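Asker: Here it is, the structure in full.
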Amino acid sequence: MIATLKKNQAAWLSYRDDYCGLVTTADQGTHAFSENMLSCIINMNSEREKALSAIQPAPAE
Numbered sequence: 001m002i003a004t005l006k007k008n009q010a011a012w013l014s015y016r017d018d019y020c021g022l023v024t025t026a027d028q029g030t031h032a033f034s035e036n037m038l039s040c041i042i043n044m045n046s047e048r049e050k051a052l053s054a055i056q057p058a059p060a061e
């Protein structure tokens, strides 16, 4: 389960960075870019934390 989670998390981080880059494209080169990029990352991290906390580990055998 740990290996799968690590692989999934790496893919999610790539998705998060690509998504936040996309939604802040219009802000690039402005003072708002850094703030909006950080806000996107924080919001997505918060949602990811909720999703991960819902995962129940498999019982030990």
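Letter 54 of the sequence shown, counting from 1, is numbered 54 in full-length UniProt numbering, and no numbers are missing. Quick reminder that beta carbons are idealized off the backbone N, C-alpha and C, glycines included. Everything numeric in this text was worked out from a predicted model, so none of it was measured.
Let's test the definition: count the other Cβ atoms within 10 Å of the Cβ of T30 and tell me whether it reaches 16, buried, or not, exposed.
Answerer: Flag for T30 reads exposed.
Asker: If we ignore side chains and look at the alpha-carbon of each, how far apart do M44 and P57 end up?
Answerer: Taking the straight line from one Cα to the other gives about 23 Å.
Asker: Give the straight-line distance between the Cα atoms of W12 and L38, rounded to the nearest whole angstrom.
Answerer: Going from the Cα of W12 to the Cα of L38 covers about 16 Å.
Asker: DSSP three-state call for G29: helix, strand or coil?
Answerer: The answer is coil: DSSP assigns G29 none of H, G, I, E or B.
Asker: For T4, is the classification buried or exposed, using 16 other Cβ atoms within 10 angstroms of its Cβ as the cut-off for buried?
Answerer: Classification for T4: exposed.
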